[in-house]
Structures are given as structure tokens and as C-alpha cells.
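Numbering (the UniProt record's numbering), first residue to last: 1 to 265. Note that CB positions come from ideal geometry on N, CA and C, so glycine has one too. Scroll down for the structure; my scribbles are underneath it.
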Amino acid sequence: MARIIAIANQKGGVGKTTTCVNLAASLAAMRKRVLLVDLDPQGNASMGSGVDKYSLKRSVYDVLVEACGVADAVQDAAEGGFMVLPANGDVTAAEVELIQVDGRERRLRAALGQVQSSYDYILIDCPPSLNLLTLNGLVAADGVIIAMQCEYFALEGLSALLDTIEQVRSSVNVGLEVEGILRTMYDPRNSLTNAVSSQLHEHFGEKVYRTVIPRNVRLAEAPSHGVPAMHYDKYSRGSRAYMALAGEMIRREERLLSSNRGVGV
Numbered sequence: 001m002a003r004i005i006a007i008a009n010q011k012g013g014v015g016k017t018t019t020c021v022n023l024a025a026s027l028a029a030m031r032k033r034v035l036l037v038d039l040d041p042q043g044n045a046s047m048g049s050g051v052d053k054y055s056l057k058r059s060v061y062d063v064l065v066e067a068c069g070v071a072d073a074v075q076d077a078a079e080g081g082f083m084v085l086p087a088n089g090d091v092t093a094a095e096v097e098l099i100q101v102d103g104r105e106r107r108l109r110a111a112l113g114q115v116q117s118s119y120d121y122i123l124i125d126c127p128p129s130l131n132l133l134t135l136n137g138l139v140a141a142d143g144v145i146i147a148m149q150c151e152y153f154a155l156e157g158l159s160a161l162l163d164t165i166e167q168v169r170s171s172v173n174v175g176l177e178v179e180g181i182l183r184t185m186y187d188p189r190n191s192l193t194n195a196v197s198s199q200l201h202e203h204f205g206e207k208v209y210r211t212v213i214p215r216n217v218r219l220a221e222a223p224s225h226g227v228p229a230m231h232y233d234k235y236s237r238g239s240r241a242y243m244a245l246a247g248e249m250i251r252r253e254e255r256l257l258s259s260n261r262g263v264g265v
């Protein structure tokens, strides 16, 4: 049964979509069955995975309005080794169409439940805003990876996002938790970066991933070629960082499962 992870941050330009695409490819390289769900009307995760958002016959929009199931809309990210539930500008219309619908925030959760057994991980790329699409992602998820830069204003945005996660947990998804906090575009030469990083460790402890994602030209170039960075330049620092992140995630989950089995003995 897949673990469903939303990758979120209400602030744009923090490497959220880059993380979703490259983490999906890295998990797939470790022989995990992965589905990437693109919830962002910009469709950047779809394009970055090699799926043309301009020629979609079905997308996550059709899934949200219950015009089709997930299995009917997914596409193969051939070079990435994972599947994609793509998005384009049509997804914006879903918010309008669902505004009067009861249980509208649970649409994605219900849809993913039908395919959850077919994957090991389902990664959801949420829009950079706290809207109905993001709410659907948080309600569907078991955990949230918060991608953030180590800068002053990022801490303010983090506080607002944590409040939203708590509201979702207390109302419609009691199992939702912060999976981890990922430091992106990391430059250890910057004193502010180090100061913010220290604050994150102080407040969130082991929730902060040991892996950091560096500023890397290859990560920025790869989307224009429609492939994850590891298939554009597998030796780049960015590619290696995402492989390390995938490994760290898998080890965390294995430790959790092991400890849970121990409690049950």
C-alpha cells in the first residue's frame, strides 16, 4: 500500500516541483513503484517529467470532477521510470466546479484510494498557495514534505503552513503528519542559511532531513529537457542529493515499521 506524501509550501520558487520530480525519479531508480500527482495548474511537474501538458486528453481535472478514474488518466514518465497524473490550466476550473459540492476536499483522497495498492509511493505536487487543490492534497496525504529555503521570510511561511496542516489534521485527516522538512537551494557559505538551518534543527529536531539540496545549475536545466536531473546529468550534485534524500526516506520508513512491529510483539 502506497505511502502518500504531499510536497507543499505556500511560497513559490522554493524547489517544490523540482523536489517532486527528482524524488520520484530517485525512488523509481531504487525500484519503488511511484506515482507523481501534479495538482498545480502550471503543470510544471508534468512537463518536467516529459509529459506534454498541452496535448492531454485526460488530467487530474477529470479525476477531481469524477469524469474518470486515476488509472484512466495516468501517463508514463518513460525516462523517469514512474507514472504521472498530469495537470494543466484546466485544473483551475475544478475549484470553481466543486465549490458547492459536499466533500469536495476529499475528492483526490477517494480517487487515489482506488490505485493505492498499485504503488509504493504517491507524491503530490501541491500548488504554491493554500487553496482547494492544496487542501485536496493535504487531505489525501499521510505525510507532508515541506520544501523550503533557509531564509528569514521562509520561516514566516512555514508557520502559516504548519497552522494549515494542524487544521486539516484536527478536522478531516487525523493521520496527517509532517513527514520532514527539506532544505533546498542550500548554500553553506551563507551565514543566514546556517542560522536558519540551526533554528530548524532546534525546533523540529529529526523532522529536518539530514540531506540538503544544493543550488545546482543541472537541477535548473533539466526541466527544459523534460527529464529529471538524474537522467540529464546523474553525476551532478543535485542528482546525487535527491538520490540521498530517497535513501534517507526509505531508511526512515523502515525504522518506523521496525519499531511498530516491536511495539506489537
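Cut-off 7 angstroms between Cβ atoms - residues of its own chain near residue i, not counting five sequence neighbours on either side
i: ILE250; result: MET30
i: PHE204; result: ILE181
i: VAL265; result: Any answer about VAL265 is weak, because its pLDDT of 46 lies below 50 and its placement is not dependable; what the coordinates show is given next. Once the five neighbours on either side are set aside, VAL265 has no close Cβ partner at all.
Counted within 10 angstroms of its Cβ, other Cβ atoms place residue i as buried (16 or more) or exposed
i: ASN136; result: buried
i: residue 266; result: Outside the shown range of the chain, which is 1 to 265, sits residue 266, and nothing can be said about it.
i: VAL217; result: exposed
i: ARG107; result: buried
i: LEU35; result: buried
i: SER170; result: exposed
i: LYS57; result: exposed
i: SER236; result: buried
i: HIS225; result: exposed
i: GLN42; result: buried
i: ARG109; result: buried
i: ASP72; result: exposed
i: VAL144; result: buried
C-alpha distance - residue i paired with residue j, whole-angstrom precision
i: SER46; j: THR17; result: 9 angstroms
i: LEU257; j: ALA244; result: 20 angstroms
i: LEU98; j: ASP163; result: 24 angstroms
i: residue 352; j: ASP40; result: A question about residue 352 goes unanswered here, because the residues of the chain that appear run from 1 up to 265.
i: VAL174; j: ALA141; result: 11 angstroms
i: MET1; j: SER191; result: 42 angstroms
i: SER118; j: GLN100; result: 32 angstroms
i: VAL63; j: ALA111; result: 7 angstroms
i: GLY12; j: SER259; result: 36 angstroms
i: GLU79; j: PRO188; result: 32 angstroms
i: VAL178; j: LEU138; result: 11 angstroms
Beta-carbon proximity list for residue i, same chain, < 8 angstroms, skipping 5 on both sides
i: VAL196; result: CYS150, GLU151, TYR152, ALA154 and LEU155
i: residue 282; result: Residue 282 lies beyond the residue range present for the chain, which begins at 1 and ends at 265; the question has no answer from this structure.
Cutoff 9 angstroms: residue i Cβ touching any chain E Cβ
i: GLU95; result: Protein chains in the displayed structure number just one, and chain E is not present.
Enclosing beta strand (DSSP E) for residue i [first to last residue]
i: ILE145; result: 143-149
i: TYR209; result: 208-214
i: GLU179; result: 177-186
Span of the alpha helix (DSSP H) around residue i
i: ILE165; result: 152-171
Own chain residues within Cβ distance below 6 angstroms of residue i, not counting five before or after
i: ARG104; result: LEU98
Residues sharing a beta bridge with residue i, DSSP
i: MET77; result: Checking the sequence, you will find Ala at residue 77 rather than Met. Looking at the DSSP assignment, ALA77 forms a beta bridge with PHE82.
i: ASP40; result: Beta-bridge pairing links ASP40 to no other residue.
i: VAL34; result: TYR121
i: ALA28; result: In DSSP, ALA28 forms no bridge with anything.
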